[in-house]
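Everything below concerns the one structure shown next.
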Amino acid sequence: MSFKNKVKYGMAVLRVFFITRLIQPFLRLIFGPYRPPNSDDQILTYAILANNKPYYEFKHQKHSFLLKYQGTKDLRYLERVDVSLYSVNKEEFLFVRTRPGVDIYNVEKHPFMYSIQHSAAVELLIVPHDTIFKYLRNKTVQVGSNIYYVHNHGRCGSTLVAAMIYQTNQCIVLSEPAPIVNLAWMLNEKNCPPSRKSVEYLDLVRATFLLTCPDPNKKYLIKPWGIQTLSLLPLIHQALPGIREFFMYRSISPTVLSFKKIFLDDLYAMGETAISMLPINYRLLWNKIKQGDEEEAFFFIVLCQLHACILEIQDRVDIKSFTYESLIENRELFTSRLLKELDIEENHHSEALSALKRDSQANSNLLSQKSLRNKNVTITKSSLEWAKKIAFEHFEIYLEGTEGKIANQFI
109 MSFKNKVKYG
119 MAVLRVFFIT
129 RLIQPFLRLI
139 FGPYRPPNSD
149 DQILTYAILA
159 NNKPYYEFKH
169 QKHSFLLKYQ
179 GTKDLRYLER
189 VDVSLYSVNK
199 EEFLFVRTRP
209 GVDIYNVEKH
219 PFMYSIQHSA
229 AVELLIVPHD
239 TIFKYLRNKT
249 VQVGSNIYYV
259 HNHGRCGSTL
269 VAAMIYQTNQ
279 CIVLSEPAPI
289 VNLAWMLNEK
299 NCPPSRKSVE
309 YLDLVRATFL
319 LTCPDPNKKY
329 LIKPWGIQTL
339 SLLPLIHQAL
349 PGIREFFMYR
359 SISPTVLSFK
369 KIFLDDLYAM
379 GETAISMLPI
389 NYRLLWNKIK
399 QGDEEEAFFF
409 IVLCQLHACI
419 LEIQDRVDIK
429 SFTYESLIEN
439 RELFTSRLLK
449 ELDIEENHHS
459 EALSALKRDS
469 QANSNLLSQK
479 SLRNKNVTIT
489 KSSLEWAKKI
499 AFEHFEIYLE
509 GTEGKIANQF
519 I
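Each number in this note's numbering comes from the position in the sequence shown (counting from 1) with 108 added on.
Put into structure tokens, the structure is as follows:
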């Protein structure tokens, strides 16, 4: 990690420490809460006094804010249009109410939902898992037929796809909602990697998705943070059999090159951090095969995501795939196929294509520095050869050519 980013990370840690260990206890002593709610249909509410921007913006939890306890509210408060699911942890669901006039679903202004939710939050609402499970059971049964989900491995054009669908105005587009990645991280921490046998997690998965997409009469497209979320693949369809899933991917070499342009000299350190949040089987494998070249970690991460998808589609025919290369080669055909799969009429074709005229991540922090756009970086031949060897020996993935094109057949 570069010295500049070490300082940035250190300051973020100090801010969190200062707020959670020094200031927050005094506020809790003065304002409470002194006891939990007496009723199962009550939620804890906190006024947000300050938004503490964490180093990883999407790692949202209570310590992201300086909080003043307000009291309790009825569960129906969660149905307000300005209240949205903010995060999920091992015991609770966290919601935020955002300030008036902020559209957290405007992908054009806010490419990543986690960032605007955090910066615009004025109130935090906390509800235990069991209370939410009971709340959802009392509602009309939903199977997720209004939800479309784009699995991806990151840096593969999935954000651009989200922008294309947003332009049609036919879907509410959720680009990288934090609850989805928080859910994946929780499951990835387990001593056994998530699988179709992990039925004990289905209530949590179902609740997280339904709370992220709360209106059953509206169509939602979820484009998650891709690096660690493909561990959800075996569970989503079981929890919500009506959900429509897709997979977006790209040749492995330009994918890692794109990561390298973002993280620059922090590539290996950021990769190691990301790998530490993968399921345990991949973490153990990494410790056996890593050699230390800076590009290896992200080659490995992308291969893990591809492997998870290959395992899941072996006996399924409902997960359609899209490639970044097919978008570049024939944007007209790609767009027509995409709209068809999302049940959007063809007359929205030109609207979707209009997204290609602008940078889909222009307002994000990832590319806020002009130097990142113009940075001249390359992928070493030795790293790509290492990736090809690992892909074949450990994942049964076949990479071809100088770009590492995936030869495996997806649907």
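Even glycine gets a Cβ: it sits at the ideal position worked out from N, Cα and C. These numbers were taken from a predicted model, which means no experiment stands behind them.
- In the DSSP assignment, the residues bridged to SER283 are LYS331.
- For the pair LEU310 and ALA347, the CB atoms are nearer than the 8 Å cut-off.
- Per DSSP, HIS259 is one residue of the beta strand (DSSP E) stretching across 255–260.
- In this structure THR488 is exposed. Its beta-carbon is surrounded by fewer than 16 other beta-carbon atoms within 10 angstroms.
- Per the coordinates, the alpha-carbon of THR153 lies some 45 Å from the alpha-carbon of GLN422.
- For the 8 Å CB-CB criterion, PHE406 and LEU435 do not form a contact.
- Per DSSP, the continuous alpha helix (DSSP H) segment holding VAL313 begins and ends at 310–320.
- With respect to ASP190, THR180 sits apart: the two C-beta atoms are not nearer than 8 Å.
- Annotation note: the stretch 197–243 contains the following uninterrupted beta strand (DSSP E) runs of length 3 or greater, listed N- to C-terminal: 200–206 and 229–236.
- Inter-residue distance for ILE335 and ARG358 is about 13 Å (C-alpha atoms, whole angstroms).
- Annotated three-state conformation of THR486 is coil, per DSSP.
- About 18 Å separates the Cβ atoms of VAL230 and ILE131, ruling out a contact at the 8 Å cut-off.
- With distances taken between CA atoms, TRP394 lies nearest to TRP494 out of TRP494, TYR185, THR443 and SER172.
- The shortest CA-to-CA distance from LYS217 to any of HIS457, ALA271, PHE203 and ASN254 is the one to ALA271.
- By the beta-carbon neighbour count (other beta carbons within 10 angstroms, threshold 16), PHE173 is buried.
- DSSP places PHE354 in the uninterrupted beta strand (DSSP E) bounded by 352–357.
- A check of alpha carbon separations from GLN413 across ALA499, SER462, TYR328 and ASN438 identifies ALA499 as the nearest.
- The three-state secondary structure of LEU446, taken from DSSP, is helix.
- Between LYS331 and THR267 the beta-carbon gap is near 7 Å, inside 8 Å, which marks them as a contact.
- Counting every other CB atom within 10 Å of its CB across the protein chains shown gives ILE288 a total of 16 or more, marking it as buried.
- Contact check for TYR185 and ILE151: beta-carbon distance about 7 Å, within the 8 Å limit, so the pair qualifies.
- Within 10 angstroms of the beta-carbon of ILE273 lie 16 or more other beta-carbons, which makes it buried.
- The three-state reading of DSSP puts GLY179 in strand, counting E and B together.
- Distance between ILE344 and TYR194, taken at the CA atoms: about 19 Å.
- Less than 8 Å divides the Cβ of THR363 from the Cβ of HIS261.
- Linking PHE355 to LEU447 through their CA atoms gives a straight-line distance of about 15 Å.
- Distance from the Cα of THR276 is smallest, within the candidate group ALA470, ALA515, THR443 and GLU501, for THR443.
- Uninterrupted beta strand (DSSP E) stretches at least 3 residues long and entirely within the stretch 345–424 occur at 352–357, given in chain order.
- Inter-segment contact for the stretch 296–303 and the stretch 396–410 is absent: fewer than three beta-carbon pairs are separated by less than 8 Å.
- Close CB contacts of MET378 within its chain, under the 7 Å cut and outside five residues either way in sequence, are with PHE371 (chain order).
- The three-state reading of DSSP puts ALA470 in coil, since its state is none of H, G, I, E or B.
- Around the beta carbon of GLN517, fewer than 16 other beta carbons sit within 10 angstroms, so the residue counts as exposed.
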